[in-house]
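Only one structure is covered here, and it is reproduced in the block below.
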Ligand code: GLU
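Numbering (the numbering used here), first residue to last: 225 to 652.
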């Protein structure tokens, strides 16, 4: 049995309920927004390379589409659950609303470990997931994107299957496509860069110079890698990075007190964000236990891996030096640990604001794909920065004016926008 306090959907609902009470949402709106509008559970038979067939379980949850077609990634993870996907779909609704893009929230998942699947098996799995869901999704209904352990290659197989089934070209059906095949420049970098645009604004508000700051990160996938690069560009020092070691089935933290070199580290990392331990040692990194990332004496902590990573069991190990918690992952902090973060006065950049750069750039990709006209990278990143900065400014302004925790302020803005959309549509 999953411990309810660490069930991400219970976490997402608890966050929602608290803010719904602050806003005074009526009962029908609460009932409508605290659970998904619809969800699909599917079985995907996949012919394996050895000729046997394996059956995988997959999900697509649409939390809400009052503001526009549902939007959100699809994850491949061995521990995926329906409740995790429900929570992530709900967070997507708030994410799109807080950055004010005309999209709703959805999420997908398949219970699998792509480390153990060949390329062709992964391709069949992607196509199988689409075959089961092709009638329920589409550019005007629900638009997938990459997430944990999925990337542009997977998106293109999914697009190809969707187009084959529907008999036409629908490049706006999916985002995070490879650049040569209708992707947007800047999309790969967008989530990570976006977290640092928001961090840059927070540092300004707190009167801290980026070049005097240090960062410890959990995770070294797409979000963490580009965040680390942009943070280094601002002048900050990445001191520690923790990640999964698939060979040893455990995680490690790699540390260099005078700063990790991002190019070196990225060069010894696989496509799923696992750093090669021997090569890291050869590059002069100290190797610490996987959970050591949380207790580093740094100014900024960035969980950028999975949900439920900061819990009552480890929140008190956060160093007194830490001033900012930058949530790159979705749902990394449990509600009880969140209370401690709040009490300690650590400045929070909440997940669905901080990591909204990915979906914001996905929106730009949709616009480009649908109009079949593509923008320069500078233009994409400039538009991304503008969106992220103004979303941060609005949340910060409300938090100060109403004396709210940053997470609650972000929720107030997002929930109000979605509640207004369901009201205007006459749903409640
Ligand atoms: N998977 C990303 C997220 O959690 C991006 C979703 C998208 O681009 O639709 O925000």
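C-beta: ideal position from N, C-alpha, C; glycine also.
CB of residue i within 8 Å of CB of residue j, strictly
i	j	result
residue 577	residue 243	no
residue 581	residue 414	yes
residue 298	residue 356	no
residue 583	residue 320	yes
residue 383	residue 398	yes
residue 492	residue 507	yes
residue 418	residue 594	no
residue 464	residue 478	yes
residue 633	residue 623	yes
residue 338	residue 373	yes
residue 573	residue 422	yes
residue 318	residue 553	no
residue 518	residue 541	yes
residue 327	residue 292	yes
Exposure label - residue i; buried when at least 16 CB within 10 Å
i	result
residue 651	exposed
residue 364	exposed
residue 226	Note on residue 226: pLDDT 39, under 50, position unreliable in the model; the coordinate value appears next. By the 10 Å Cβ count, residue 226 comes out exposed.
residue 276	exposed
residue 466	buried
residue 344	exposed
residue 228	Any reading at residue 228 is ruled out, since the residue's pLDDT is 45, under 50, leaving its predicted position unreliable.
residue 649	exposed
residue 366	buried
residue 597	exposed
residue 537	exposed
residue 265	exposed
residue 603	exposed
residue 671	Since the first residue shown for the chain is 225 and the last is 652, residue 671 is missing from the structure and cannot be characterised.
residue 494	exposed
Secondary structure of residue i, DSSP reduced to three states
i	result
residue 235	helix
residue 419	helix
residue 593	helix
residue 288	strand
residue 461	strand
residue 637	helix
residue 294	strand
residue 645	helix
residue 438	strand
residue 258	coil
residue 626	helix
residue 275	coil
residue 583	helix
Margin query: Taking contact to mean 3 or more Cβ pairs, one atom from each stretch, closer than 8 Å, check whether the segment 307-314 and the segment 283-297 are in contact.
Written below: Yes: the two stretches touch, three or more of their Cβ pairs being nearer than 8 Å.
Next item on the list: Determine contact between the segment 398-414 and the segment 331-339, defined as no fewer than three beta-carbon pairs at a distance below 8 Å.
Entry: Counting C-beta pairs closer than 8 Å gives fewer than three between the segment 398-414 and the segment 331-339, which falls short of the contact rule.
Check: Which residue spans inside the segment 440-517 form an unbroken beta strand (DSSP E) run of at least 3?
Finding: Qualifying beta strand (DSSP E) stretches, in chain order: 461-469, 474-479, 510-513.
Notebook entry, point to check: Do three or more CB pairs link the segment 513-532 to the segment 439-446 at distances below 8 Å?
Noted result: Flag = yes, the segment 513-532 and the segment 439-446 touch.
Margin query: Does the segment 602-619 come into contact with the segment 557-564, if we say contact requires no fewer than three beta-carbon pairs (one atom in each stretch) closer than 8 Å?
Written below: The answer is no - the segment 557-564 does not touch the segment 602-619, with fewer than three Cβ pairs under 8 Å.
Note to self: Under 8 Å, with one C-beta from each stretch per pair, do the segment 449-458 and the segment 467-475 reach the 3-pair mark?
What the structure shows: As far as the Cβ criterion goes, the segment 449-458 does not touch the segment 467-475, which means the pair count is below three.
Notebook entry, point to check: Can we say the segment 252-265 touches the segment 274-291, given the rule of at least three CB pairs closer than 8 Å?
Noted result: Touching, yes.
Check: When the Cβ atoms of the segment 418-436 are set against those of the segment 587-596, are three or more pairs found closer than 8 Å?
Finding: Using a C-beta cut-off of 8 Å, the segment 418-436 makes no contact with the segment 587-596, since fewer than three inter-stretch Cβ pairs fall below that distance.
Notebook entry, point to check: Do the segment 617-635 and the segment 300-307 meet, that is, are 3 or more Cβ pairs less than 8 Å apart?
Noted result: Verdict: no, contact absent.
Margin query: For a minimum of 4 consecutive residues, which ranges assigned as the alpha helix (DSSP H) are wholly contained in the segment 518-567?
Written below: Runs of the alpha helix (DSSP H) lying entirely within the segment 518-567 and spanning at least 4 residues, in chain order: 559-567.
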